[in-house]
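Working notes, structure below.
In this note's numbering, the protein residues as written are -7 to 302.
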(Lines of atoms letter the chains of each structure in order from A and count residues from 1; the text may use other names and numbers.)
(Lines give C-alpha, C1' and ligand atoms only; values in the text may rest on other atoms or scores of the structure.)
Protein backbone atom coordinates (compact mmCIF):
# COMPACT_ATOMS: atom_id res chain seq x y z
CA UNK A 1 0.00 0.00 0.00
CA UNK A 2 2.86 2.37 0.85
CA UNK A 3 4.44 1.74 -2.56
CA UNK A 4 1.15 2.43 -4.36
CA UNK A 5 0.61 5.62 -2.38
CA UNK A 6 4.14 6.80 -3.14
CA UNK A 7 3.61 6.15 -6.86
CA UNK A 8 0.33 8.08 -6.78
CA UNK A 9 1.99 11.06 -5.08
CA UNK A 10 4.87 10.96 -7.58
CA UNK A 11 2.41 10.97 -10.48
CA UNK A 12 0.61 13.95 -8.98
CA UNK A 13 3.86 15.88 -8.61
CA UNK A 14 4.75 15.05 -12.23
CA UNK A 15 1.46 16.44 -13.50
CA UNK A 16 1.68 19.58 -11.37
CA UNK A 17 5.25 20.31 -12.53
CA UNK A 18 3.85 21.30 -15.95
CA UNK A 19 1.43 23.85 -14.47
CA UNK A 20 1.94 27.29 -13.01
CA UNK A 21 1.68 27.54 -9.23
CA UNK A 22 -1.72 29.23 -9.50
CA UNK A 23 -3.11 26.68 -11.98
CA UNK A 24 -1.79 23.78 -9.91
CA UNK A 25 -3.33 25.32 -6.81
CA UNK A 26 -6.68 25.72 -8.53
CA UNK A 27 -6.59 22.10 -9.75
CA UNK A 28 -5.74 20.70 -6.32
CA UNK A 29 -8.35 22.94 -4.73
CA UNK A 30 -10.97 21.68 -7.17
CA UNK A 31 -10.16 18.06 -6.31
CA UNK A 32 -10.48 18.89 -2.62
CA UNK A 33 -13.81 20.63 -3.20
CA UNK A 34 -15.09 17.66 -5.21
CA UNK A 35 -14.29 15.41 -2.24
CA UNK A 36 -15.83 17.83 0.27
CA UNK A 37 -18.95 18.25 -1.88
CA UNK A 38 -20.18 14.79 -0.90
CA UNK A 39 -19.78 15.46 2.81
CA UNK A 40 -23.35 16.62 3.45
CA UNK A 41 -25.04 13.73 1.55
CA UNK A 42 -22.94 11.13 3.35
CA UNK A 43 -23.37 12.94 6.67
CA UNK A 44 -27.13 12.77 6.19
CA UNK A 45 -26.81 9.05 5.51
CA UNK A 46 -24.89 8.62 8.75
CA UNK A 47 -27.13 10.69 11.05
CA UNK A 48 -30.28 9.02 9.72
CA UNK A 49 -29.41 6.18 12.12
CA UNK A 50 -26.46 7.35 14.20
CA UNK A 51 -26.39 10.06 16.87
CA UNK A 52 -25.00 13.26 15.26
CA UNK A 53 -22.49 13.96 18.05
CA UNK A 54 -21.23 10.37 17.95
CA UNK A 55 -21.04 10.43 14.14
CA UNK A 56 -19.16 13.72 13.93
CA UNK A 57 -16.68 12.89 16.68
CA UNK A 58 -16.14 9.27 15.61
CA UNK A 59 -15.17 10.38 12.12
CA UNK A 60 -12.56 12.68 13.61
CA UNK A 61 -11.17 9.84 15.75
CA UNK A 62 -10.97 7.50 12.76
CA UNK A 63 -9.25 10.18 10.68
CA UNK A 64 -6.85 10.84 13.58
CA UNK A 65 -5.89 7.15 13.58
CA UNK A 66 -5.14 7.37 9.86
CA UNK A 67 -3.19 10.57 10.49
CA UNK A 68 -1.07 8.95 13.18
CA UNK A 69 -0.20 6.15 10.80
CA UNK A 70 0.71 8.62 8.06
CA UNK A 71 2.91 10.72 10.35
CA UNK A 72 4.75 7.65 11.60
CA UNK A 73 5.24 6.27 8.09
CA UNK A 74 6.53 9.62 6.78
CA UNK A 75 8.64 10.19 9.92
CA UNK A 76 7.25 13.68 10.27
CA UNK A 77 8.90 15.81 12.99
CA UNK A 78 6.86 17.38 15.76
CA UNK A 79 5.54 20.84 14.85
CA UNK A 80 7.18 23.81 16.50
CA UNK A 81 5.47 25.56 19.39
CA UNK A 82 4.54 28.46 17.08
CA UNK A 83 2.48 26.10 14.93
CA UNK A 84 0.15 25.06 17.74
CA UNK A 85 -1.96 28.22 17.51
CA UNK A 86 -2.99 27.77 13.84
CA UNK A 87 -3.32 24.01 14.38
CA UNK A 88 -5.64 24.69 17.32
CA UNK A 89 -7.92 26.77 15.08
CA UNK A 90 -7.88 24.12 12.36
CA UNK A 91 -8.92 21.55 14.98
CA UNK A 92 -11.62 23.83 16.39
CA UNK A 93 -13.08 24.86 13.04
CA UNK A 94 -12.56 21.95 10.64
CA UNK A 95 -12.25 18.92 12.94
CA UNK A 96 -14.83 19.75 15.63
CA UNK A 97 -17.04 22.73 14.73
CA UNK A 98 -17.99 22.07 11.12
CA UNK A 99 -18.67 18.31 11.45
CA UNK A 100 -20.65 18.73 14.67
CA UNK A 101 -22.89 21.58 13.46
CA UNK A 102 -23.55 20.07 10.04
CA UNK A 103 -24.32 16.66 11.53
CA UNK A 104 -26.92 18.24 13.79
CA UNK A 105 -28.38 20.22 10.89
CA UNK A 106 -28.57 17.21 8.57
CA UNK A 107 -31.08 15.60 10.91
CA UNK A 108 -33.56 18.34 10.04
CA UNK A 109 -32.91 19.56 6.48
CA UNK A 110 -32.08 17.83 3.19
CA UNK A 111 -28.49 17.83 1.99
CA UNK A 112 -29.58 19.80 -1.07
CA UNK A 113 -30.89 22.56 1.21
CA UNK A 114 -27.70 22.69 3.25
CA UNK A 115 -25.63 22.72 0.09
CA UNK A 116 -26.64 26.21 -0.93
CA UNK A 117 -25.87 27.67 2.49
CA UNK A 118 -22.32 26.34 2.32
CA UNK A 119 -21.89 28.74 -0.57
CA UNK A 120 -20.86 31.39 1.95
CA UNK A 121 -17.52 29.58 2.43
CA UNK A 122 -15.55 31.39 -0.31
CA UNK A 123 -16.39 34.85 0.99
CA UNK A 124 -15.56 33.98 4.58
CA UNK A 125 -12.36 32.17 3.59
CA UNK A 126 -11.22 35.25 1.64
CA UNK A 127 -12.15 37.50 4.56
CA UNK A 128 -10.17 35.49 7.10
CA UNK A 129 -7.33 35.18 4.61
CA UNK A 130 -7.14 38.95 4.23
CA UNK A 131 -7.17 39.40 8.00
CA UNK A 132 -4.76 36.62 8.94
CA UNK A 133 -2.55 35.92 5.91
CA UNK A 134 -2.02 39.51 4.73
CA UNK A 135 -3.49 38.81 1.29
CA UNK A 136 -5.21 41.80 -0.28
CA UNK A 137 -7.95 40.94 -2.80
CA UNK A 138 -8.81 43.79 -5.17
CA UNK A 139 -12.19 45.49 -5.15
CA UNK A 140 -13.12 43.57 -8.28
CA UNK A 141 -12.33 40.28 -6.56
CA UNK A 142 -14.49 41.23 -3.58
CA UNK A 143 -17.30 42.27 -5.92
CA UNK A 144 -17.42 38.86 -7.57
CA UNK A 145 -17.00 37.05 -4.24
CA UNK A 146 -19.94 39.02 -2.84
CA UNK A 147 -21.97 38.41 -5.97
CA UNK A 148 -21.39 34.66 -5.90
CA UNK A 149 -22.17 34.43 -2.20
CA UNK A 150 -25.29 36.57 -2.65
CA UNK A 151 -26.49 34.23 -5.37
CA UNK A 152 -26.21 31.11 -3.24
CA UNK A 153 -27.65 32.73 -0.09
CA UNK A 154 -30.50 34.17 -2.13
CA UNK A 155 -31.13 30.71 -3.53
CA UNK A 156 -31.30 29.28 -0.02
CA UNK A 157 -33.79 31.94 1.10
CA UNK A 158 -35.89 31.40 -2.01
CA UNK A 159 -36.06 27.68 -1.33
CA UNK A 160 -37.10 28.29 2.26
CA UNK A 161 -39.69 31.05 1.67
CA UNK A 162 -37.35 33.73 2.97
CA UNK A 163 -36.86 32.18 6.41
CA UNK A 164 -33.71 30.85 8.06
CA UNK A 165 -34.42 28.01 10.53
CA UNK A 166 -32.08 26.93 13.39
CA UNK A 167 -30.63 24.26 11.10
CA UNK A 168 -29.84 26.98 8.56
CA UNK A 169 -28.05 29.03 11.20
CA UNK A 170 -26.11 25.93 12.30
CA UNK A 171 -24.89 25.38 8.75
CA UNK A 172 -23.94 29.03 8.34
CA UNK A 173 -22.03 28.91 11.65
CA UNK A 174 -20.35 25.71 10.48
CA UNK A 175 -19.28 27.47 7.29
CA UNK A 176 -17.77 30.36 9.24
CA UNK A 177 -15.84 27.98 11.49
CA UNK A 178 -14.59 25.95 8.54
CA UNK A 179 -13.52 29.12 6.70
CA UNK A 180 -11.41 30.27 9.63
CA UNK A 181 -9.92 26.79 9.87
CA UNK A 182 -9.11 26.86 6.15
CA UNK A 183 -7.33 30.21 6.45
CA UNK A 184 -5.37 29.14 9.54
CA UNK A 185 -4.58 25.79 7.95
CA UNK A 186 -3.18 27.52 4.90
CA UNK A 187 -0.87 29.55 7.14
CA UNK A 188 0.36 26.41 8.87
CA UNK A 189 0.71 24.61 5.53
CA UNK A 190 3.39 27.05 4.38
CA UNK A 191 5.59 25.62 7.16
CA UNK A 192 4.28 22.10 7.76
CA UNK A 193 2.79 21.23 4.39
CA UNK A 194 -0.89 20.49 3.85
CA UNK A 195 -0.67 16.82 4.79
CA UNK A 196 0.99 17.39 8.15
CA UNK A 197 -1.31 20.32 8.95
CA UNK A 198 -4.53 18.31 8.92
CA UNK A 199 -2.86 15.27 10.50
CA UNK A 200 -1.54 17.22 13.49
CA UNK A 201 -4.83 19.10 13.84
CA UNK A 202 -6.71 15.80 14.03
CA UNK A 203 -4.35 14.51 16.70
CA UNK A 204 -4.59 17.80 18.60
CA UNK A 205 -8.38 17.41 18.73
CA UNK A 206 -8.26 13.93 20.29
CA UNK A 207 -8.72 15.15 23.91
CA UNK A 208 -12.15 16.40 22.78
CA UNK A 209 -13.16 13.90 20.11
CA UNK A 210 -12.28 10.68 21.97
CA UNK A 211 -14.27 11.42 25.19
CA UNK A 212 -17.30 12.66 23.22
CA UNK A 213 -17.19 9.57 21.01
CA UNK A 214 -17.08 7.25 24.02
CA UNK A 215 -19.76 9.11 25.99
CA UNK A 216 -22.17 9.36 23.07
CA UNK A 217 -21.36 5.83 21.97
CA UNK A 218 -22.35 4.46 25.37
CA UNK A 219 -25.43 6.68 25.57
CA UNK A 220 -26.67 5.52 22.18
CA UNK A 221 -25.26 2.00 22.14
CA UNK A 222 -28.53 0.35 21.12
CA UNK A 223 -29.06 2.67 18.14
CA UNK A 224 -25.45 2.28 17.05
CA UNK A 225 -25.70 -1.52 17.21
CA UNK A 226 -28.83 -1.44 15.04
CA UNK A 227 -27.45 0.98 12.43
CA UNK A 228 -27.42 -0.38 8.91
CA UNK A 229 -24.86 -0.42 6.11
CA UNK A 230 -25.92 2.98 4.72
CA UNK A 231 -25.20 4.73 8.01
CA UNK A 232 -21.78 3.10 8.32
CA UNK A 233 -21.01 3.92 4.69
CA UNK A 234 -21.78 7.55 5.44
CA UNK A 235 -19.49 7.49 8.47
CA UNK A 236 -16.73 5.78 6.48
CA UNK A 237 -16.79 8.37 3.69
CA UNK A 238 -16.77 11.35 6.03
CA UNK A 239 -13.95 9.80 8.05
CA UNK A 240 -11.58 8.81 5.25
CA UNK A 241 -12.36 11.35 2.53
CA UNK A 242 -14.03 14.40 4.09
CA UNK A 243 -11.89 14.52 7.22
CA UNK A 244 -8.60 13.16 5.88
CA UNK A 245 -7.78 12.84 2.17
CA UNK A 246 -9.71 15.90 1.01
CA UNK A 247 -7.51 18.19 3.10
CA UNK A 248 -4.36 16.82 1.45
CA UNK A 249 -5.46 18.42 -1.81
CA UNK A 250 -7.18 21.44 -0.31
CA UNK A 251 -4.39 22.84 1.85
CA UNK A 252 -1.72 22.18 -0.77
CA UNK A 253 -3.85 23.96 -3.33
CA UNK A 254 -4.19 27.03 -1.12
CA UNK A 255 -0.44 27.13 -0.51
CA UNK A 256 0.27 27.12 -4.26
CA UNK A 257 -2.50 29.40 -5.49
CA UNK A 258 -3.28 31.60 -2.51
CA UNK A 259 -6.11 31.25 -0.02
CA UNK A 260 -8.41 33.92 -1.41
CA UNK A 261 -8.17 32.83 -5.04
CA UNK A 262 -8.29 29.05 -4.53
CA UNK A 263 -11.07 29.63 -2.00
CA UNK A 264 -13.21 30.88 -4.89
CA UNK A 265 -13.36 27.30 -6.19
CA UNK A 266 -15.66 26.63 -3.23
CA UNK A 267 -18.38 28.53 -5.08
CA UNK A 268 -19.03 25.40 -7.14
CA UNK A 269 -19.24 23.18 -4.05
CA UNK A 270 -22.96 23.75 -3.32
CA UNK A 271 -23.87 22.62 -6.79
CA UNK A 272 -21.60 19.61 -6.75
CA UNK A 273 -23.30 18.77 -3.45
CA UNK A 274 -26.72 19.13 -5.11
CA UNK A 275 -25.64 16.62 -7.73
CA UNK A 276 -24.22 14.34 -5.04
CA UNK A 277 -27.46 14.55 -3.03
CA UNK A 278 -29.40 13.51 -6.14
CA UNK A 279 -27.10 10.57 -6.85
CA UNK A 280 -26.50 9.37 -3.29
CA UNK A 281 -29.80 10.21 -1.59
CA UNK A 282 -32.23 10.50 -4.48
CA UNK A 283 -33.07 14.12 -3.62
CA UNK A 284 -34.61 15.87 -6.65
CA UNK A 285 -32.35 17.99 -8.84
CA UNK A 286 -34.43 20.80 -10.30
CA UNK A 287 -33.78 22.96 -13.34
CA UNK A 288 -33.46 26.08 -11.24
CA UNK A 289 -30.58 24.43 -9.40
CA UNK A 290 -28.66 24.21 -12.66
CA UNK A 291 -29.37 27.85 -13.51
CA UNK A 292 -28.02 29.01 -10.17
CA UNK A 293 -25.03 26.70 -10.64
CA UNK A 294 -24.16 28.31 -13.96
CA UNK A 295 -24.44 31.78 -12.41
CA UNK A 296 -22.10 30.87 -9.56
CA UNK A 297 -19.57 29.15 -11.80
CA UNK A 298 -19.48 32.31 -13.93
CA UNK A 299 -18.47 34.34 -10.88
CA UNK A 300 -15.58 31.93 -10.28
CA UNK A 301 -14.32 32.48 -13.81
CA UNK A 302 -14.51 36.27 -13.57
CA UNK A 303 -13.15 36.25 -10.02
CA UNK A 304 -10.00 34.46 -11.19
CA UNK A 305 -9.25 37.42 -13.46
CA UNK A 306 -9.24 39.88 -10.60
CA UNK A 307 -5.95 40.91 -9.01
CA UNK A 308 -4.90 39.58 -5.60
CA UNK A 309 -1.80 41.04 -3.96
CA UNK A 310 0.09 38.46 -1.88
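Even glycine gets a Cβ: it sits at the ideal position worked out from N, Cα and C.
inquiry  = On the DSSP letters alone, give me the boundaries of the alpha helix (DSSP H) that residue 262 sits inside.
reply    = 261 to 273
Whole-angstrom C-beta distance between residue 111 and residue 144, which should lie under 8 Å = Right, the Cβ-Cβ distance comes to about 3 Å (below 8 Å), so this counts as a contact.
message = Quick check on this structure: which residue in 280, 286 and 247 has the alpha carbon closest to the alpha carbon of residue 259?
response = 286
Reduced DSSP secondary structure (H/G/I, E/B, other) of residue 129 = strand
8 Å Cβ cutoff met for residue 27 and residue 263 = no
task = Mind checking which residues open and close the alpha helix (DSSP H) that includes residue 246?
result = Run containing residue 246: 238 to 249, per the alpha helix (DSSP H) assignment.
key: Span separating the alpha-carbon of residue 33 from that of residue 172   = As the crow flies, the alpha-carbon of residue 33 is around 23 Å from that of residue 172.
query = Going by the CB atoms, is the gap between residue 162 and residue 269 shorter than 8 Å?
reply = Here residue 269 is not near residue 162, since their CB atoms are 8 Å or more apart.
inquiry  = I'd like the list of long-range same chain contacts for residue 243, defined as Cβ closer than 7 Å, with 5 residues on each side in sequence excluded.
reply    = Only 177, 178, 181, 186, 189 and 190 meet the Cβ criterion.
message = Please classify residue 77 as buried or exposed, where buried requires at least 16 other C-beta atoms within 10 Å of its C-beta.
response = exposed
ask   = Alpha carbon to alpha carbon, how far is residue 86 from residue 174?
value = 7 Å
query = Skipping 5 residues on each side, what residues in its chain have a beta carbon closer than 8 Å to that of residue 12?
reply = Shown here for residue 12: not one same chain residue has a beta carbon closer than 8 Å to its own, the five before and five after excluded.
Cβ-based burial, residue 114 [other Cβ within 10 Å; buried from 16] = When all chains shown are included, residue 114 counts as buried.
request  = Taking 8 Å as the threshold, find out whether the segment 191 to 209 comes into contact with the segment 63 to 82 through three or more Cβ pairs.
outcome  = yes
inquiry  = Looking only at its chain, what residues have a beta carbon closer than 6 Å to the beta carbon of residue 165, apart from the 5 residues adjacent to it on each side?
reply    = Setting aside the 5 residues that flank it on each side, residue 165 is surrounded in the same chain by 93, each with a C-beta closer than 6 Å to its C-beta; the list follows chain order.
query = Could you give the C-beta distance for residue 137 and residue 256, rounded to a whole number, given that I count them as a contact under 8 Å?
reply = Contact check for residue 137 and residue 256: beta-carbon distance about 7 Å, within the 8 Å limit, so the pair qualifies.
inquiry  = Helix, strand or coil for residue 29? Go by DSSP, reduced to three states.
reply    = coil
ask   = Out of curiosity, what's the CA-to-CA distance linking residue 70 and residue 56?
value = In this structure, the alpha-carbon of residue 70 lies about 15 Å from that of residue 56.
query = If you draw a straight line from the alpha carbon of residue 96 to that of residue 47, how long is it in whole angstroms?
reply = 10 Å
ask   = Can you tell me the Cα-Cα spacing of residue 295 and residue 239, whole angstroms?
value = It is roughly 23 Å from the alpha-carbon of residue 295 to the alpha-carbon of residue 239.
query = If you draw a straight line from the C-alpha of residue 201 to the C-alpha of residue 225, how long is it?
reply = 20 Å
inquiry  = Suppose the cutoff is 7 Å on Cβ atoms and the five residues either side in sequence are ignored; what does the same chain contact list for residue 168 look like?
reply    = 116
key: Reduced DSSP secondary structure (H/G/I, E/B, other) of residue 298   = coil
task = Give me the Cα-Cα distance between residue 41 and residue 218, rounded to the nearest whole angstrom.
result = 8 Å
task = Using alpha carbons as the reference points, say which of 121, 98, 216 and 140 lies closest to residue 308.
result = For the chain, the structure presents residues -7 to 302; residue 308 sits outside this window and is missing.
query = CB-CB under 8 Å to residue -7, same chain, minus the five flanking residues each way: which ones, in chain order?
reply = Bear in mind that the predicted position of residue -7 carries a pLDDT of just 45, short of 50, making it too unreliable to give a figure here.
key: Nearest neighbour of residue 266, chosen from 17, 104, 151 and 235 [CA to CA]   = 104
message = The alpha helix (DSSP H) that contains residue 199, what's its start and end?
response = 198 to 211
query = Where do the ends of the alpha helix (DSSP H) carrying residue 75 lie?
reply = It is not in any alpha helix (DSSP H) - residue 75 carries neither H nor E in the DSSP assignment.
Residues near residue 45 in its chain [Cβ-Cβ closer than 7 Å; skip 5 each side] = 92, 204 and 208
inquiry  = I'd like to check one pair, residue 24 with residue 245: are the Cβ atoms closer than 8 Å?
reply    = yes
query = Under 8 Å between the Cβ atoms of residue 170 and residue 90?
reply = yes
query = So is residue 216 buried or exposed if we call it buried at 16+ other beta carbons inside 10 Å?
reply = buried
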